[in-house]
Amino acid sequence: MSTTTAVRTAQFGVIGLGVMGSNLALNVEDHGHTVVVWNLETEWVDRLLQKNPGRQIIGAKTLQEFCRALERPRRILMMITAGDPVDQTLQRLSPYLAPGDIVIDGGNSYFKDTIRREANSRQTMVHFFGMGVSGGEEGARHGPSLMPGGSREAYNHVSPILQSIAAKSDSGPCVGYVGPDGSGHFVKMVHNGIEYGDMQLIAEAYEILHKALRLSAQELSDIFAEWNRGPLESYLIEITAKIFGVTDPETGEPLVDMILDKAGQKGTGKWTAQIALELEVPVPTITAAIDARALSSLKDERVIASQLIHSSAGSAFSGERRDLIQAVHDALYASKICSYAQGMSLIRAGSDEWQWDINLREMARIWKGGCIIRARFLDSIMRAFERQPDLPNLLLDYEFMTWIRRSEQSWRKLIATAVQMGIPVPALSASVSYFDSYRSAQLPQNLTQAQRDFFGAHTYQRADRPTAGFVHSDWTTLFAKSSRPSGGTK
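Spelled out as structure tokens, the structure:
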């Protein structure tokens with residue numbers, strides 16, 4: 004087709020033709036919509052057209068041509084690198100936009116940047132959306148999970164196209180209105196934090212099975228494939244089984260064994276932990292996963308430490324193989340509950356802080372297909388929020404409480420076994436500690452607050468009258484009086 008046009012013939016526009024942008028453009032065209040595309044490097048436009056002859060795709064060489072080709076109100080999706088490139092593109096695009104046009108940022112932008120951009124766009128009556136897109140290359144091409152945040156009125160103009168390209172589950176298209184301004188990118192950020200936790204928990208399950216039972220890659224593949232037919236059924240468990248089944252063509256060894264044990268990260272997990280600190284929402288499983296990736300990057304130091312630091316940890320497992328495999332399964336599921344509980348609590352806190360009114364049941368629904376954390380488990384989360392929409396924590400739902408009660412004993416024994424053998428399980432350990440802390444009516448922070456009041460006069464509330472306000476004690480004077488011998492004491 005022609006690479007230029009002056010007629011408004013396209014129903015949708017895509018800016019940014021990397022892997023995600025190109026695949027989303029093709030996905031939109033698959034569903035009967037003419038698409039106009041533009042990229043800063045114009046040769047990328049030519050390449051997409053050459054690879055896809057005969058499709059209803061219009062290539063534009065300038066942003067002016069791009070906007071001229073779109074029907075009103077214009078519906079534009081930007082799939083470009085987060086940060087300054089988004090602001091720069093919006094600045095270049097704005098002269099060609101009109102009131103009522105809709106611009107969607109589908110990258111992994113920081114949600115506070117999206118709040119700012121949405122407010123700025125409102126001044127020109129242009130609708131700006133921050134939309135989380137999950138599912139990677141395959142999802143973008145054949146059906147992602149989409150998390151749009153912006154004007155509800157504008158969402159009605161884009162929802163038919165978004166619903167057509169989104170993944171489909173038995174609960175409908177995996178897209179839904181999240182809320183105003185930065186809510187969509189906030190939910191995607193927390194989604195990625197949960198993903199970090201899930202991946203680390205699976206890695207620890209692998210480490211225990213591999214080191215304690217000396218299982219082969221094929222045995223591990225079979226175990227994870229079996230787990231994927233039960234409560235743990237999920238995309239990440241599915242691909243884990245497949246990964247263990249792949250042989251390196253160069254060495255004939257399992258390919259996973261040829262991969263250096265250093266995991267990268269792009270920032271969304273770190274943002275999740277940072278905003279959780281800001282909102283005072285504990286997310287220890289997610290934080291442990293981030294720390295584990297950071298520790299993995301210290302490969303050279305770890306190699307030296309392995310030679311210099313000796314431990315009394317045992318190296319052999321003496322129990323029943325079948326029992327340990329079942330314990331790993333149960334601990335993985337119980338810890339997964341804790342990870343999602345933390346993520347959902349964080350979304351609720353963000354929704355309250357920025358007044359987004361996010362429907363947590365709907366978030367679980369749109370994650371059921373297309374996204375990286377899609378899992379059978381999400382049906383249970385949907386039911387939990389159907390029973391109690393204002394549920395403060397998944398651990399308080401009876402279905403999840405019932406499962407944890409069933410698995411609690413093996414969960415604890417497994418972590419004890421790992422510690423005794425010197426196998427690091429930071430996310431599994433953080434999960435059970437979260438569970439124990441959350442269910443404890445009394446925590447030792449009375450001592451922490453006493454220390455704060457002693458050295459900094461930070462005050463405290465009395466346990467016998469907590470609503471009476473904050474008080475301060477002169478600890479040094481009270482200590483002197485408390486330590487003074489009473490009459491008759493030698």
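For the sequence shown, the positions run 4 to 493 when our numbering is used.
The beta-carbon is built from N, C-alpha and C at its ideal position, and this holds for glycine as well.
For P257, the pairing in a beta bridge is given by DSSP as T250. Note on geometry: alpha-carbon atoms of G372 and R455 lie some 48 Å from one another.
Positions of the alpha helix (DSSP H) runs, each at least 4 residues long and wholly inside the segment 298–363, are given as 302–311 and 324–357 in order along the chain. Short of 8 Å from the beta carbon of S410, and not among the five residues preceding or following it, lie these beta carbons of its own chain, in chain order: D333, A334, Y336 and A337.
Every unbroken stretch of the alpha helix (DSSP H) spanning 4 or more residues and falling wholly within the segment 93–165 is given here in chain order: 114–125 and 139–145. Between G109 and L80, the alpha-carbon positions lie close to 7 Å from each other. If the five residues before and after G187 are omitted, its C-beta is found closer than 6 Å to the C-beta atoms of G133, M134, G135, M150, P151, G152 and V181, all from its own chain and listed in chain order. For W41, no alpha helix (DSSP H) segment is defined; the enclosing uninterrupted segment is the beta strand (DSSP E) at V38 to W41.
Annotation for I375: no beta strand (DSSP E) segment contains it, and DSSP assigns it neither H nor E. Annotation for M81: the continuous beta strand (DSSP E) segment containing it runs R78 to M81. Scanning W414, E356, G346 and Q412 for the CA closest to the CA of L381 turns up G346.
In the three-state reduction of the DSSP assignment, Q464 falls in the strand class. Counting the other CB atoms within 10 Å of its CB gives P287 a total of 16 or more, which places it among the buried residues. Residue range F15 to I18 is occupied by the beta strand (DSSP E) that includes G16. Counting only residues of its own chain and dropping the five nearest sequence neighbours on each side, A85 has a CB closer than 6 Å to the CB of G110, N111 and S112. Contact between I197 and Y343 is confirmed by a C-beta separation of about 6 Å, below the 8 Å threshold. Under the criterion of beta carbons closer than 8 Å, N42 and R144 do not qualify as touching, at roughly 18 Å. Between the segment 435–442 and the segment 208–219, the count of Cβ pairs shorter than 8 Å is below three; the stretches do not touch. The C-alpha of T462 lies about 16 Å from the C-alpha of P447. For a cut-off of 8 Å, the C-beta gap from I83 to I18 is around 7 Å, short enough to register as a contact. Restricted to the segment 411–455, the alpha helix (DSSP H) segments that are unbroken, complete and at least 4 residues in length are 429–441, listed in chain order. Here L311 is exposed: its Cβ has fewer than 16 other Cβ atoms, across all protein chains shown, within 10 Å.
In its chain, beyond the 5 residues on either side, G16, V39, W41 and A63 have a beta carbon closer than 7 Å to the beta carbon of F69. Cβ-Cβ distances below 6 Å link D33 to nothing in the same chain once the five nearest sequence neighbours on each side are left out. The C-beta separation of N195 from T275 comes to about 7 Å, placing the pair in contact by the 8 Å criterion. Under the 10 Å beta carbon count, I262 is surrounded by fewer than 16 other beta carbons and is classified as exposed. For I205, the enclosing alpha helix (DSSP H) stretches over residues S186 to L216. Per the DSSP secondary-structure output, F69 pairs with nothing in a beta bridge. Here Q423 is near G317, since their CB atoms are less than 8 Å apart. Short of 8 Å from the beta carbon of E140, and not among the five residues preceding or following it, lie these beta carbons of its own chain, in chain order: V22, M23 and N26. Within the same chain, Cβ atoms closer than 6 Å to the Cβ of G353 are found at F189, the five residues on either side in sequence being excluded. Q268 and S485 have their alpha carbons spaced roughly 54 Å apart.
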